[in-house]
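Please read the structure below before turning to the comments.
Numbering (mature numbering (1 follows the signal peptide of the UniProt record, and there is no 0)), first residue to last: -23 to -1, 1 to 82.
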């Protein structure tokens, strides 16, 4: 009995699984909303929204400055911290992203 058919099927399954994982990546951006606020918008590359995804605003010392979730429009708006910070998008299952305050314009 040849192992070739099994090996070929296994290789094909692994390739398809990798392609499926790449087809659903995170889209997350934050921009200034006036001088005092930040507006972040999230979603996924397949067009699905990110409603309810947890967002954390963190200090460089890993202190949580704000914890919230994206709203029905897959957005969150917050007052810009006075200290250096970054914003984390935690979509689970390896779907995470970060935006540093220096990149928010």
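Backbone N, C-alpha and C define an ideal beta-carbon position, used for all residues, glycine too.
Across the structure, residue 55 and residue 25 are spaced so that their CA atoms are roughly 23 Å apart. For residue 14, the uninterrupted beta strand (DSSP E) segment begins and ends at 14 to 21. Secondary structure of residue 39 (DSSP, three-state): coil.
The alpha-carbon of residue 78 is positioned some 10 Å away from that of residue 35. For residue 67, the secondary structure class from DSSP, reduced to helix, strand or coil, is strand.
For residue 51, the number of other beta carbons within 10 angstroms of its own is at least 16, and it is reported as buried.
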